[in-house]
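Reviewing the structure listed below.
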Amino acid sequence: MSGMSSVFENINIAQVVIHEVFKRGPNREIVDPVFGEQTILLDAEAMTALRDRLIKALGQSSRCMEMDLQFDGVGSGVDLAKRLLEAGENFALTSREVATKLAGAQTRQDLPGGIVVVLIGTAGMPGKRFVCKLKAEPHNGFTRVAAAGVISLQFLKDLILTPQTRLYKIGCFVELDKDAPANTPLASNWKAFIYDETMSTSNKLSAANYFYDGFLGLKFPQNGATRTKEFHDHTKDFIKGLDITPERKNDLLNALITYLKVDQSPSIQVAEFSQTYLAEPEIRDGYEGFMTEKNFPLTAINKDLAYVEKSLKFRRVVFSQGIKLTGPAEQFAEKITIEQILGDQGEDGAAAPWTKIIIKSPIQLQE
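Structure follows, in structure tokens:
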């Protein structure tokens, strides 16, 4: 695992508590949540399953996206995350605010209830403290066992271990420096991520607004143009540095333009490009490692071509002796074939590398 997904490597879960929220009543009134009274001790099987779910959702999924903080004042999602880390033995009590806030954010009557899992721990190397707020909407086959205000451990295990539990959403806050001065703005010391099972690969903006905005206090990032340019430049540099044939290199550079310009998806992601266009496992691994070294996130980001439009319009190939081949990027991919061939022998007896170019078009003008 690499890139921004490295944030979610080596996850260690310290405390877990679960609550239950309900859909609004017949008059749109809030139905009081059922609060978990205490933290839950998971056995090894359940802990491993929960950790694997978090890693898969937050570190590897196209349905995960890094977000910006919309609100960071008292009572905001990130403020509550900070207080949860500092709650100590009052963690379960403080976590009730998570369920209460979610119940309040679900203003529409058609929004279902569900189980709220609140957990804290560390992740990454070295470990950084994080807080996850997970809402699961289990299917009807689940049996909720609640006695004296305690939602059973067995229920949580069923929730975690059952593959059919797919309708869930996660908000995750990662603290960058636990020793940051007390007056450090929260926006400077925290990163936020969301995972939403209903968020489609082709439309990241379909994530539930009530969850990321009303509940977590987040917004979609505004730095899409900068990130898109970084993606373009880093990927291009990686391809140019590969020890592969000129034909293959040309194909990959064309693929980069196709991915950014032709693909209609509103987001881009390292893993998506890698899996779609980099067939060789060693190149795919090398690419993700390269992007990691560049500190580029592996989570999905908004695609904004404002800073790369000019770069995507034309392709250029430069040969020795000042010879250049240029053309519109789309036509370059469709009309031009580049092949490396062996030419005449040099003084050392070795054949010189030449380039064979086929342009599927007649000559229109010579100057």
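Residue numbering for the sequence shown follows the working numbering, beginning at 126 and increasing consecutively.
Yeah, the Cβ is synthetic: ideal placement off N, Cα and C, and Gly gets one too.
Given the structure is predicted, the values throughout are model-derived calculations rather than measurements.
Residue i - DSSP class collapsed to helix/strand/coil
i    : result
R188 : coil
T309 : coil
V159 : strand
V442 : strand
F318 : strand
D193 : strand
L403 : coil
P487 : coil
N420 : coil
A333 : coil
Q456 : helix
E492 : coil
D473 : coil
K372 : Reading off the sequence shown, one finds Glu at residue 372, where the question assumed Lys. Note: E372 maps to helix in three-state DSSP.
I408 : helix
D235 : coil
V270 : The pLDDT assigned to V270 is 49, lower than 50, so where the model puts this residue is not dependable; a value taken from the coordinates is nonetheless given after this. Reduced to three states, the DSSP call for V270 is coil.
N152 : coil
D304 : coil
V132 : helix
L166 : coil
Within-8 Å CB hit, residue i to chain D
i    : result
L194 : Although the question refers to chain D, the structure presented lacks it and comprises just one protein chain.
Delimiting residues of the beta strand (DSSP E) encompassing residue i
i    : result
E464 : 461-470
K386 : Per DSSP, K386 belongs to no beta strand (DSSP E) and is neither H nor E.
A476 : 476-484
Residues sharing a beta bridge with residue i, DSSP
i    : result
F69  : Here the chain comprises residues numbered 126 to 492, so residue 69 is not present and cannot be evaluated.
H144 : V241
N137 : T247
A426 : According to the sequence displayed, residue 426 carries Ile and not Ala. According to DSSP, I426 bridges with I393.
L450 : V442
K260 : V241, K294
L343 : L194
First through last residue of the alpha helix (DSSP H) which encompasses residue i
i    : result
I364 : 349-365
R208 : 202-210
L218 : 216-230
M172 : 169-179
Check whether the stretch 154-164 and the stretch 176-184 touch, using three or more Cβ-Cβ pairs below 8 Å as the test. no
If you pair each beta-carbon of the stretch 352-359 with each one of the stretch 426-446, do three or more pairs fall below 8 Å? yes
Contact between the stretch 231-239 and the stretch 247-255 is defined here as three or more beta-carbon pairs at a separation below 8 Å; is this criterion met? no
Three Cβ pairs or more, each shorter than 8 Å: is that satisfied between the stretch 339-349 and the stretch 208-219? no
At least three beta-carbon pairs within less than 8 Å, the stretch 416-428 to the stretch 390-401: yes
Should the stretch 374-391 be regarded as contacting the stretch 434-447, the criterion being three or more beta carbon pairs within less than 8 Å? yes
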